[in-house]
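Residue numbers (this note's numbering): 4 to 568.
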């Protein structure tokens with residue numbers, strides 16, 4: 004029976020039919036959503052989308068994530084065709100993206116210079132694109148279930164992990180972020196990355212669907228799923244205790260963070276009195292942190308308001324009003340725009356520097372993962388005529404090509420490696436692995452989230468970043484222009500954090516925070532060694548069930564028929 008044929012309301016199962024045909028007919032007869040299939044399916048998709056974004060920061064209703072997919076699974080599986088299953092899943096994805104990324108409308112207005120109606124249309128287009136992974140989830144799930152009576156507790160996580168692994172996103176995220184603060188569930192990230200946590204969530208969603216809709220496999224599904232969840236919790240308990248003991252014994256340093264709380268409206272005022280006031284404020288707060296015992300100080304992205312030549316070897320002269328460090332001597336990691344003075348077109352770089360105690364640059368890192376439309380416009384160098392379509396507020400930066408480890412020397416003379424990341428690089432597992440291969444003793448992220456205001460984005464960014472600490476078992480310090488600045492320990496626990504501020508509507512004065520961090524050499528986990536092998540195995544199994552095995556089975560059925568002829 005083809006997937007797009009009308010589904011009978013009668014159960015045509017005969018006692019003497021083969022079991023395989025019985026199962027297929029039972030599935031088809033149960034797959035009817037009713038005469039109002041389209042509105043019911045779309046409604047269930049909308050419901051799942053709403054539950055998903057409510058489970059994410061900053062709504063933080065994370066228990067919803069354990070069953071948010073179940074209404075959508077019901078609509079997908081019981082749709083009368085693969086096209087409708089895909090439509091219902093796509094609707095779920097669009098609503099989930101729209102509710103989670105509502106802050107993109109204001110960002111599009113700012114960077115693209117578009118009026119609100121056009122910004123909303125572009126926002127819907129972005130959400131529709133980002134939901135394509137769920138569209139394929141609906142299509143593939145429905146296709147496989149027409150051939151195999153597999154439990155959704157097995158099938159749904161395989162396909163969802165494949166979608167998260169393979170689908171490109173403008174703003175990367177993974178469903179695992181809903182559990183970012185539930186430490187016992189996310190320790191498996193050092194084996195699988197965030198994809199394993201996504202698989203766990205979707206397995207439970209699928210198990211709930213199976214238990215409610217399939218009495219024949221209710222007990223078996225519940226038992227197997229419960230054993231897997233218990234195993235994940237046991238592993239989490241073991242690793243948290245193990246890592247906590249390692250952290251207690253590790254060398255510690257005090258790291259101070261400056262949070263300037265400069266709003267997006269004032270970012271880029273790099274000339275005149277305002278710029279000098281910014282620098283003076285950074286220096287004053289840094290001196291206070293050093294007096295409080297800071298061994299290392301971190302300024303966030305866009306804090307230092309002037310550009311620096313890439314040929315500079317260290318700080319500016321003492322008499323310069325733009326001198327970086329004044330009245331403190333602690334090593335400093337900060338962000339700045341750099342340029343090559345000997346090149347006519349002077350490409351700009353988004354750069355992090357390590358300024359040592361002598362005032363020399365001990366390390367330089369250029370941001371690898373640039374923000375589309377904000378830091379670069381695609382194909383602009385190949386097709387210069389695209390310049391007239393480029394956002395007026397955007398800039399064309401050059402991308403760095405590699406990860407870097409900054410050298411850091413403690414007071415006892417020992418040397419350590421610090422892994423810098425800029426902005427959204429701390430939410431990208433692949434880039435985290437590039438840094439992890441350098442075996443840093445501490446990850447340091449410099450971010451400017453002021454463009455997003457007091458929305459969900461800064462909290463989503465923080466939740467996505469904690470997985471880097473678990474994946475590589477090293478700690479993370481995040482300095483963020485207007486928050487949320489934070490310290491994340493080796494178990495992924497956010498043990499100190501600030502707030503979101505710096506909006507024009509509710510300005511707050513510059514602030515600072517000082518915490519002790521452990522220096523633990525990272526990059527020695529299973530995930531650091533093998534990467535997303537778990538995701539690739541899920542993708543291989545999905546392709547096998549979807550495309551390969553049905554053809555093998557059809558060929559096997561044809562062979563006896565040909566032999567009899």
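Built from N, CA and C at the ideal position, the CB exists for glycine as well.
None of these values were measured; they are calculated from a predicted model.
Just to check my reading of the structure: residue 138 and residue 93 have Cβ atoms closer than 8 Å, yes? What is that Cβ distance to the nearest angstrom? Residue 138 to residue 93, Cβ: 4 Å. Contact.
Quiz item: So, residue 478 versus residue 491, is the Cβ gap smaller than 9 Å?
Solution: Contact flag set, yes.
Measuring CA to CA, which of 140, 150, 177 is closest to residue 464?
With distances taken between Cα atoms, residue 464 lies closest to 177.
**Message:** Once DSSP output is grouped into helix, strand and coil, what is the label at residue 412?
**Reply:** Looking at residue 412 - three-state DSSP - the assignment turns out to be strand.
As a quick exercise: from 409, 415, 466, pick the residue whose alpha carbon is nearest that of residue 427. Distances from the CA of residue 427 to each of 409, 415, 466 were compared; the closest alpha carbon is that of 466.
* Considering residue 260, what are the terminal residues of the alpha helix (DSSP H) in which it resides? -> From DSSP, residue 260 is part of no alpha helix (DSSP H) but of the beta strand (DSSP E) over 255-262.
Counting along the chain, where does the beta strand (DSSP E) carrying residue 514 start and finish? Per DSSP, residue 514 belongs to the beta strand (DSSP E) from 514-521.
| By how many angstroms is the C-alpha of residue 224 removed from the C-alpha of residue 556? | Residue 556 and residue 224 have their alpha carbons spaced roughly 26 Å apart.
Margin query: Assuming residue 238 is part of the alpha helix (DSSP H), what are its boundary residues?
Written below: For residue 238, the enclosing alpha helix (DSSP H) begins and ends at 221-252.
- In three-state terms, what does DSSP make of residue 341? DSSP, reduced to helix, strand and coil, places residue 341 within a strand of the structure shown.
Residue range of the alpha helix (DSSP H) that includes residue 95:
Note, residue 95: alpha helix (DSSP H), 85-103.
Legend entry - Coarse secondary structure for residue 28, derived from DSSP in three states: Confidence at residue 28 is low in this model, with a pLDDT of 41, below 50, so the placement of that residue should be treated as unreliable; the coordinate-derived value is given next. Helix, per DSSP.
Please report the distance separating the alpha-carbon of residue 103 from that of residue 57. CA-to-CA, the gap between residue 103 and residue 57 works out to about 8 Å.
Next item on the list: Take the Cβ of residue 559 as the centre, count every other Cβ of all protein chains shown within 10 Å, and call the residue buried at 16 or more, exposed below.
Entry: Exposed: under 16 other Cβ atoms inside 10 Å.
> Which word fits residue 64, buried or exposed, when buried means at least 16 other C-beta atoms lie within 10 angstroms of its C-beta?
Replying inline: Answer is exposed; the Cβ neighbour count stays below 16.
Original post:
Across which residues does DSSP place residue 364 in a beta bridge pair?
Top reply: Its beta-bridge partners are 358.
(message) Using the Cβ count rule (16 or more neighbours within 10 Å means buried), how would you classify residue 436?
(response) It counts as buried.
* Measure the C-alpha to C-alpha separation of residue 417 and residue 522 and round it to an integer number of angstroms. => Straight-line Cα distance between these residues: approximately 11 Å.
According to DSSP, what are the bridge partners of residue 491?
Looking at the DSSP assignment, residue 491 forms a beta bridge with 479, 497.
Legend entry - Limits of the alpha helix (DSSP H) - the one that residue 119 falls within: Unbroken alpha helix (DSSP H) run through residue 119: 119-133.
> Does the segment 448-460 touch the segment 105-117, meaning 3 or more C-beta pairs lie closer than 8 Å?
Replying inline: With a cut-off of 8 Å, the segment 448-460 and the segment 105-117 count as touching, because enough Cβ pairs lie within range.
Check your understanding: Under three-state DSSP, which class holds residue 327?
Key -> Note: residue 327 maps to coil in three-state DSSP.
Quiz item: Exposed or buried, which one is residue 40 when buried takes at least 16 other CB atoms within 10 Å?
Solution: Buried is the call here.
Quick one: using the 10 Å Cβ neighbour count with 16 as the cut-off for buried, is residue 551 buried or exposed? Residue 551 comes out exposed.
Cβ atoms of residue 480 and residue 520: under 9 Å apart, would you say? Taking 9 Å as the cut-off, the Cβ atoms of residue 520 and residue 480 count as close.
What does the Cβ neighbour count give for residue 37, buried or exposed, with the cut at 16 atoms within 10 Å? The C-beta of residue 37 has fewer than 16 other C-beta atoms within 10 Å across all chains shown, which makes the residue exposed.
Exercise for review: Note down, in chain order, each residue of its chain lying with its Cβ closer than 6 Å to the Cβ of residue 340, except the 5 sequence neighbours on either side.
Suggested key: If we look at residue 340 and ignore the five residues flanking it on each side, its Cβ neighbours are 310, 351.
query: Are residue 512 and residue 196 touching if we call contact CB-CB under 9 Å?
result: Against a cut-off of 9 Å, the Cβ pair of residue 196 and residue 512 comes out as no contact.
**OP:** Classify residue 345 as buried or exposed, calling it buried when 16 or more other Cβ atoms lie within 10 Å of its own Cβ.
**Re:** Around the beta-carbon of residue 345, fewer than 16 other beta-carbon atoms lie within 10 Å, marking it exposed.
**Report entry** residue 550 - DSSP class collapsed to helix/strand/coil
**Finding:** Per DSSP, reduced to three states, the secondary structure at residue 550 is helical.
Backbone secondary structure at residue 448 - three-state DSSP:
Strand.
Going by the DSSP bridge assignment, what does residue 335 pair with across the sheet?
Partner(s): 300, 358.
Worksheet item: residue 74 lies in the alpha helix (DSSP H); which residues open and close that run?
Response: Per DSSP, residue 74 belongs to the alpha helix (DSSP H) from 73-80.
Please return the same chain residues whose Cβ sits closer than 7 Å to the Cβ of residue 553, not counting the five positions on each side in sequence.
Closer than 7 Å at Cβ, skipping near neighbours: 150.
Measure the CB-CB distance between residue 357 and residue 336 and report whether it falls below 9 Å. The Cβ-Cβ distance between residue 357 and residue 336 falls below 9 Å.
- Opposite residue 182 in the DSSP bridges: which residues? According to DSSP, residue 182 bridges with nothing at all.
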